[in-house]
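Engineer: Read top to bottom, the protein sequences are chains A and B. When you read off a place in the first sequence, starting at 1, and then add 10, the result is the number in my numbering. When you read off a place in the second sequence, starting at 1, and then add 10, the result is the number in my numbering. By construction, the Cβ of each residue, glycine as well, lies at the ideal position given by its N, Cα and C atoms. Note that this is a predicted model, so its numbers are computed, not measured. Input: one structure, supplied below.
2 protein chains.
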Amino acid sequence: MQIVDLKTCLETKARAGKITTEHGVIETPVFMPVGTAGSVKALSPDDLIETETQIILGNTYHLLLRPGTEIIQSAGGLHKFMSWSGPLLSDSGGYQVFSLGRLNKINEAGVIFRSRIDGSSHELSPEISMDIQRILGSDIVMAFDDCTSYPATQAAAKTSMELTHRWEARSLQYFRSTEPCYGYRQELFGIVQGSVYPKLRKTSCQTLVEMNFDGYAIGGLSVGEPKQDMYAMTDVVTDILPKEQPRYLMGVGKPEDLVLAVSLGVDMFDCVLPTRNARHGIMFTWKGPISVKAAREKDVHEPLDAECECYSCQNFSRAYLRHLFKANELLVYRLASIHNIHFYNALMKTMRNAILAGEFPQFQTSFYNTYNVNRAGDID
Amino acid sequence: MQIVDLKTCLETKARAGKITTEHGVIETPVFMPVGTAGSVKALSPDDLIETETQIILGNTYHLLLRPGTEIIQSAGGLHKFMSWSGPLLSDSGGYQVFSLGRLNKINEAGVIFRSRIDGSSHELSPEISMDIQRILGSDIVMAFDDCTSYPATQAAAKTSMELTHRWEARSLQYFRSTEPCYGYRQELFGIVQGSVYPKLRKTSCQTLVEMNFDGYAIGGLSVGEPKQDMYAMTDVVTDILPKEQPRYLMGVGKPEDLVLAVSLGVDMFDCVLPTRNARHGIMFTWKGPISVKAAREKDVHEPLDAECECYSCQNFSRAYLRHLFKANELLVYRLASIHNIHFYNALMKTMRNAILAGEFPQFQTSFYNTYNVNRAGDID
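Here's what the structure looks like:
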């Protein structure tokens, strides 16, 4: 998979390009809302289009447990099941097995874990993950990796990374030996591990690039490490990864993280933050996040952001949103999610336009001057 | 308020007409979705328009307690607060005080009750209810009545009815002495009481009609009485109420009730049933209600109703809706509510067209032949 029409910032590593899937072209840098269980929480496919979402992410782990692959296969794939006709990326399921699952056994072959829903036993391996992602029919498939937990000693990180490399080699070999279930092309991304150790990260990059994946993700970050480590590892990795292929920083993040990671040459992001925060009334604006549930908003009959073009800002006041939150009205989860996803997409588009105009450094300065990360207090 | 372009069925009392408010014309018979706390649960104003909703209802009781009338007044009324530009009817608050509130005192002046949210003390009277509904800015205002509980002896029903009549006279007198808050016309409906006693119902009709309201509602039904009593009382009342004014049967009901009440000459309805049932997975179809959460739907990759034109049926399968319910995904409450409100509106429109075509009795026969009220089991 090539990233084309590539324009790179002269002062930073920021880059704007395009990647093509059989469900559509994606303009980068791009943010991917997370559709955990076959739904980007509270949003319909129309809402996603309306907020200018280009590609969404589905979670293999969640979909495997519910509704199960048989139902998605009989539906004709996840696109059809959830009525999303745009590009779709699926993760490998590995991360959730470790972070959410009740892990029973991990060995060279793969992992056995219990469902958090009904306690039933399930297995994941490179081959099983590829089979499931073929059934999901995602345009971009992720290799099955061992997401190194944080903190990890260098020795432990190396052991985990080497297991990842063996699993990814198996993922690739098996993936290339199987056919798409629904006729259209699927691409496979490798995932760089190596924790916070630059040497391991370099080794991981080189190993994966030799395997020749269709694109590359940076995994094992945003898992509790200091921000400077996240940025330093991203910087190391983007220096090595092939420039003509997309790079995806997994699980990141806050708006300020996206801006910095774009400056380091990342093309793709995913994170539950905009939708999860929306459901808690934390709304993103160009001046920073605000809590629309705060008492001070109770009679503010103005939108979250007067210049925002999202459906929520075009139609509803902060006072109304606050009221809906206080009254536990279902409508507000959608309105808040629409705004936050629209904001994230607008942020990416603004960065893309700045890169194309040769003005990314100016954008970056202006963003950090205007965006107050602490405006809503601690929003984690 | 006149109901115009009136066409009446020759064999039944069913009628089709039009009523005009300053927020739009309403074609009758009409169903009004309930926007309890300033939101028809899970639906946006755009969803309401998309489902062909003509008029919605707001609850004085809920809005008084939260967000409170000050905030709605500073927003410029409920239309602006909730971004609904179509016709709006508000109830008087009386019914909820009795059914939901913690009633402290009831006397000739009015009622004092405690908030179910924070325990604070509130007062409602004919005059206060009119003031609040002026502030809400509803196109149709309901007189403040005492909703007679069921069962009631004839003596108790008479006492309650007479209090209602005194309260409604005060409502009318006070309403006519006050001005709209936002410049546009508001109309006041009286509410017929009298429990299940034809004699009281007749007295109530005659008393209210002499007061000369803008329209008339039938209250105190669908409160636990046998269906035949509900129909019999409706039949008695619609024989007396002036033909040139709208009649509104409050709190009704199931599709089969709507069809029968239309045959008795009712023009307007409201009920939480379509939205509440939607949130529990009970979906209305022309063959009767179905539970989309049922195991048999798990791999049915077809819409709820293949002929339905709602957004949900046009895009999503029963299997997907069931999955979303099982996964507690917020999206499903909206999709299910869209379908049920669309169904109710389509039912009303079908009845209207049948009346206009002179084919209402045929419609009624066909509906009862096709619609299995017990299809989903007990759906209450």
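1. Looking at the C-beta of A:Glu339, does it have a partner C-beta in chain B at a distance below 8 angstroms?
2. Give the range of the beta strand (DSSP E) segment to which B:His132 is assigned.
3. If you drop the 5 nearest sequence neighbours on each side, which residues of the same chain put their C-beta closer than 6 angstroms to that of B:Trp94?
4. In the DSSP assignment, find the unbroken beta strand (DSSP E) run with B:Leu198 in it and report its ends.
5. I'd like to check one pair, A:Lys28 with A:Thr18: are the Cβ atoms closer than 8 angstroms?
6. Going by CA-CA distance only, name the one from B:Leu341, B:Lys23, B:Glu32 and B:Thr46 that's closest to B:Gly193.
7. With 8 angstroms set as the bound, which would you pick, yes or no: does the beta-carbon of A:Lys303 sit closer than that to a beta-carbon of chain B?
8. May I ask you to list the residues that DSSP assigns as paired with A:Val151?
9. Looking at the structure shown, is A:Met278 part of a helix, part of a strand, or coil, going by DSSP?
10. So, at 6 angstroms on beta carbons, what are the nonlocal neighbours of A:Asn384 in its own chain, with the 5 sequence-adjacent residues on each side left out?
11. So that I know if they touch, is there some Cβ in chain A lying closer than 8 angstroms to that of B:Pro313?
12. Counting Cβ pairs, one atom from each stretch, are 3 or more of them under 8 angstroms apart for the stretch 190-208 of chain B and the stretch 145-158 of chain B?
13. Hey, could you find the ends of the alpha helix (DSSP H) B:Val246 is sitting in?
14. Going straight from the alpha carbon of B:His352 to that of A:Tyr184, what length do you get?
15. B:Ser125 lies in the beta strand (DSSP E); which residues open and close that run?
16. From A:Glu317 to B:Met140, what distance separates their C-alpha atoms?
17. To which residues of the same chain is B:Asp239 closer than 6 angstroms at the C-beta, ignoring the five residues directly before and after it?
18. Pair every Cβ in the stretch 114-123 of chain B with every Cβ in the stretch 222-229 of chain B, then say whether three or more of these pairs are closer than 8 angstroms.
19. Tell me whether the stretch 324-332 of chain B and the stretch 295-306 of chain B touch, counting them as touching only if at least three CB pairs, one residue from each stretch, are closer than 8 angstroms.
20. In chain order, which beta strand (DSSP E) runs of at least 3 residues are fully inside the stretch 20-49 of chain B?
21. Residues in its own chain within less than 6 angstroms of B:Gln12 by CB, not counting five upstream and five downstream?
22. State yes or no: is the beta carbon of A:Gly48 nearer than 8 angstroms to at least one beta carbon in chain B?
23. In chain order, what residues of the same chain have a beta carbon less than 7 angstroms from the beta carbon of A:Asp309, not counting five sequence neighbours either side?
24. To the nearest angstrom, how far is the alpha carbon of A:Lys398 from that of A:Asn382?
25. Do B:Cys281 and B:Gly261 count as a contact pair if the criterion is CB distance below 8 angstroms?
26. Quick one: list the residues of chain B neighbouring A:Leu331, beta-carbon separation under 8 angstroms, in chain order.
27. Are there any heavy atoms of the ligand NAP lying less than 7 angstroms away from the beta-carbon of B:Ala242, as far as the coordinates show?
28. In whole angstroms, give me the CA-to-CA distance for A:Pro77 and A:His290.
29. Please identify the residue among B:Tyr71, B:Asn338 and B:Val342 whose C-alpha is closest to the C-alpha of A:Ile127.
30. Have a look at the DSSP bridge pairing and note the partners of B:Val121.
31. What's the call for B:Asn355, buried or exposed, on a 16-neighbour Cβ count within 10 Å?
32. Alpha carbons only, please: which of B:Leu198, B:Phe335 and B:Ile348 is nearest the one belonging to A:Ser49?
33. Have a look at A:Val342, A:Thr360 and A:Gly129 and flag the residue whose alpha-carbon is nearest the alpha-carbon of B:Ala47.
34. Below 8 angstroms between beta carbons: does that hold for B:Thr248 and B:Lys51?
Structural biologist: The relevant details are as follows:
1. Locating residue 339 of chain A in the first sequence gives position 329, where the first residue counts as 1. At least one CB of chain B lies nearer than 8 angstroms to the CB of A:Glu339.
2. Counting from 1 along the second sequence, the entry for residue 132 of chain B is found at position 122. Run containing B:His132: Ser131 to Leu134, per the beta strand (DSSP E) assignment.
3. Here residue 94 of chain B refers to the residue found at position 84 of the second sequence. Listed in chain order, the non-local C-beta contacts of B:Trp94 below 6 angstroms within the same chain comprise Pro55, local neighbours out to five positions each way being set aside.
4. Position 188 of the second sequence holds residue 198 of chain B. Per DSSP, B:Leu198 belongs to the beta strand (DSSP E) from Glu197 to Val202.
5. Translated into the one-based positions of the first sequence, residue 18 of chain A becomes position 8. Translated into the one-based positions of the first sequence, residue 28 of chain A becomes position 18. Taking 8 angstroms as the Cβ cut-off, A:Thr18 and A:Lys28 do not qualify as a contacting pair.
6. One-based indexing of the second sequence puts residue 193 of chain B at position 183. A check of alpha carbon separations from B:Gly193 across B:Leu341, B:Lys23, B:Glu32 and B:Thr46 identifies B:Glu32 as the nearest.
7. Your numbering for residue 303 of chain A matches position 293 in the first sequence. With 8 angstroms as the cut-off, A:Lys303 does not count as an interface residue toward chain B.
8. For this step, residue 151 of chain A is matched to residue 141 along the first sequence. DSSP lists A:Ser100 and A:Leu198 as partners of A:Val151.
9. Stepping through the first sequence from its first residue, residue 278 of chain A is reached at position 268. Looking at A:Met278 - three-state DSSP - the assignment turns out to be strand.
10. Taking the first sequence and counting its residues from 1, one reaches residue 384 of chain A at position 374. Taken in chain order, the list of residues that qualify is empty.
11. Reading the second sequence from its first residue, position 303 is the one you call residue 313 of chain B. Not a single C-beta of chain A is nearer than 8 angstroms to the C-beta of B:Pro313.
12. yes
13. By 1-based counting over the second sequence, the position of residue 246 of chain B is 236. Its alpha helix (DSSP H) spans residues Lys237 to Ile250.
14. Here residue 352 of chain B refers to the residue found at position 342 when the second sequence is read from its first residue. Here residue 184 of chain A refers to the residue found at position 174 when the first sequence is read from its first residue. The straight-line gap from Cα to Cα measures roughly 48 angstroms.
15. In the second sequence, the residue the question calls residue 125 of chain B occupies position 115. Where B:Ser125 is concerned, there is no enclosing beta strand (DSSP E), because DSSP gives it neither an H nor an E.
16. If you number the first sequence from 1, residue 317 of chain A lands on position 307. If you number the second sequence from 1, residue 140 of chain B lands on position 130. Answer to the nearest angstrom: the Cα atoms are 38 angstroms apart.
17. Here residue 239 of chain B is taken as the residue at index 229 of the second sequence, counted from 1. The residues are Val206.
18. no
19. yes
20. With a minimum length of 3 residues, the continuous beta strand (DSSP E) runs that stay inside the stretch 20-49 of chain B are 25-31, 34-38 and 40-42.
21. Stepping through the second sequence from its first residue, residue 12 of chain B is reached at position 2. For B:Gln12, where only same-chain residues beyond five positions count, the Cβ hits under 6 angstroms are Glu254.
22. In the first sequence, counting from the first residue as 1, residue 48 of chain A sits at position 38. For A:Gly48, the answer is yes, since a Cβ of chain B falls inside 8 angstroms of its Cβ.
23. Mapped onto the first sequence, residue 309 of chain A falls at position 299. Cβ within range, chain order: Ala329.
24. This structure gives no information on residue 398 of chain A, because the portion of chain A shown stretches from 11 to 390.
25. In the second sequence, the residue the question calls residue 261 of chain B occupies position 251. In the second sequence, the residue the question calls residue 281 of chain B occupies position 271. Yes. Within cutoff.
26. Taking the first sequence and counting its residues from 1, the one referred to as residue 331 of chain A is at position 321. Neighbours of A:Leu331 on chain B: none; closest Cβ ~11 angstroms, over 8 angstroms.
27. Inclusion of the ligand NAP in the displayed structure is not the case, the ligand content being empty and no account of it being possible.
28. Indexing the first sequence from 1 puts residue 77 of chain A at position 67. Indexing the first sequence from 1 puts residue 290 of chain A at position 280. Whole-angstrom Cα-Cα distance: 27 angstroms.
29. Taking the first sequence and counting its residues from 1, the one referred to as residue 127 of chain A is at position 117. When each option's Cα is compared against that of A:Ile127, the closest is B:Asn338.
30. Residue numbering aside, residue 121 of chain B sits at position 111 when the second sequence is read from its first letter. DSSP lists B:Ile116 and B:Leu134 as partners of B:Val121.
31. As a first step, residue 355 of chain B is located in the second sequence; it is residue number 345 there, counting from the start. Classification for B:Asn355: buried.
32. Translated into the one-based positions of the first sequence, residue 49 of chain A becomes position 39. Nearest option by C-alpha distance: B:Phe335.
33. Taking the first residue of the second sequence as position 1, residue 47 of chain B is located at position 37. Among A:Val342, A:Thr360 and A:Gly129, the Cα nearest to that of B:Ala47 belongs to A:Val342.
34. In the second sequence, counting from the first residue as 1, residue 248 of chain B sits at position 238. In the second sequence, counting from the first residue as 1, residue 51 of chain B sits at position 41. Contact: no.
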